[in-house]
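Scroll down for the structure; my scribbles are underneath it.
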Amino acid sequence: MIALSHAPLDASAVAAAVADGEHGATVVFAGTTRAESAAREVVALEYEAFAEMALDSMRAIAAAVAHRHGARVAIVHRLGRVAVGEDAVVAAASAPHRAAAFAACAEAMNLLKADVPIWKRTIHADGGTRWDDGVAGALTAGG
Amino acid sequence: MMTVEVLLFAGLRELAGRGSLRVRVPAGATPADIWARLPVGGPPPAGLRYAVGGAWADASFPLRDGDQVALITPVSGG
Numbered sequence: 159m160i161a162l163s164h165a166p167l168d169a170s171a172v173a174a175a176v177a178d179g180e181h182g183a184t185v186v187f188a189g190t191t192r193a194e195s196a197a198r199e200v201v202a203l204e205y206e207a208f209a210e211m212a213l214d215s216m217r218a219i220a221a222a223v224a225h226r227h228g229a230r231v232a233i234v235h236r237l238g239r240v241a242v243g244e245d246a247v248v249a250a251a252s253a254p255h256r257a258a259a260f261a262a263c264a265e266a267m268n269l270l271k272a273d274v275p276i277w278k279r280t281i282h283a284d285g286g287t288r289w290d291d292g293v294a295g296a297l298t299a300g301g
Numbered sequence: 022m023m024t025v026e027v028l029l030f031a032g033l034r035e036l037a038g039r040g041s042l043r044v045r046v047p048a049g050a051t052p053a054d055i056w057a058r059l060p061v062g063g064p065p066p067a068g069l070r071y072a073v074g075g076a077w078a079d080a081s082f083p084l085r086d087g088d089q090v091a092l093i094t095p096v097s098g099g
């Protein structure tokens, strides 16, 4: 299961997607919106993707990680507004034993955060917003 | 000259006021030539990467007429 979703994520469904009769270990990671960022109250995050490339990239990551660790890997990422306490991403990995399942899940998340074209905007309680994309404050419109 | 479709996302999309635009570039242009033709001021952000046709491409990738070039600023998923 590799997907982008505007609806709330179902971690148990992502875990079920990697179920395998030969696999005795399943690790599920959920990345959840926190109530605070840079000492400012956060009400939500908002995610945007280059969807076609993001899905291709997530598929490639899942396949590479699965191959390296003898695992099965599933990744689902939210798009749009994600309220505090909701999951923005769920990654699940199953393998015959726990070491490979932990490693596969961690590696899938590391690669996702480095290379999948998805961007996050933080929406603060005071109404301020900020994209986390290296652009904020560095550029001006209309140059 | 040739025309390429440029895709912008997140803060860069908002700064430019649109998510896609067509830009005219000379024959032999590369993704590195696109920044100067965007409606934004300032140098390219550190860590800017490119994708042509949805696949990662170097800044020196030889573009062809009609290519789709995405400007990928540092990502922040997860």
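Note that the protein sequences, when read in sequence, are chains A and F.
Heads up: the first sequence runs through residues 159 to 301, numbered per my numbering.
Heads up: the second sequence runs through residues 22 to 99, numbered per my numbering.
C-beta atoms are modelled at their ideal positions from N, C-alpha and C, and glycine is treated no differently.
Beta-carbon proximity of Pro66 of chain F to Val293 of chain A, cut-off 8 Å: Against a cut-off of 8 Å, the Cβ pair of Val293 of chain A and Pro66 of chain F comes out as a contact.
Run the CB neighbour count on Glu210 of chain A, radius 10 Å, all protein chains shown included, and call it buried at 16 or more, exposed below. Exposed, because fewer than 16 other Cβ atoms sit within 10 Å of the Cβ of Glu210 of chain A.
With a threshold of 6 Å on Cβ separation, who are the neighbours of Ala222 of chain A within its own chain once the five nearest residues in sequence on each side are excluded? Residues of the same chain with their beta carbon placed closer than 6 Å to that of Ala222 of chain A are lacking, with the five preceding and five following residues left out of the count.
Just the chain F side, please: which residues come within less than 7 Å of Ala294 of chain A by C-beta, in chain order? Here the neighbours are Gly32.
Would you be able to state if there are at least three C-beta pairs under 8 Å between the segment 45 to 52 of chain F and the segment 78 to 86 of chain F? Touching, yes.
If you scan the segment 25 to 97 of chain F from start to end, which runs of the alpha helix (DSSP H) of 4 or more residues do you find wholly inside it? If we require 4 residues or more, the alpha helix (DSSP H) runs fully inside the segment 25 to 97 of chain F come out as 31 to 37.
Where Gly96 of chain F meets chain A, residues with beta-carbon distance less than 8 Å: With the sequence shown as reference, residue 96 of chain F is identified as Val, and Gly is not the correct amino acid for it. Correct list: Lys271, Ala272, Asp273, Val274, Pro275, Ile276, Trp277 and Asp291.
Residues of chain F with a CB under 8 Å from the CB of Gly189 of chain A: which are they? Residues of chain F whose Cβ lies closer than 8 Å to the Cβ of Gly189 of chain A are, in chain order, Gly99.
Buried or exposed for Glu206 of chain A, going by 16 or more other Cβ atoms inside 10 Å? Buried.
Other residues of its chain near Ala241 of chain A: CB distance less than 6 Å, five sequence neighbours each side excluded: By the criterion of a C-beta distance shorter than 6 Å, Ala241 of chain A is surrounded in its chain by Ala202, once the five residues flanking it on both sides are discounted.
Sequence-distant residues of its chain with Cβ nearer than 8 Å to Arg254 of chain A (five each side left out): It should be noted that the sequence gives Pro, not Arg, for residue 254 of chain A. The residues are Glu180, His181, Gly182, Ala183 and Gly228.
In chain order, which continuous runs of the alpha helix (DSSP H) of length 4 or greater are located wholly inside the segment 202 to 276 of chain A? For secondary structure counted as the alpha helix (DSSP H) over 4 or more consecutive residues, the segment 202 to 276 of chain A holds these complete runs in sequence order: 209 to 227 and 256 to 273.
Under 8 Å between C-beta atoms of Ala37 of chain F and Val61 of chain F: Yes, the pair counts as a contact, with Cβ atoms nearer than the cut-off.
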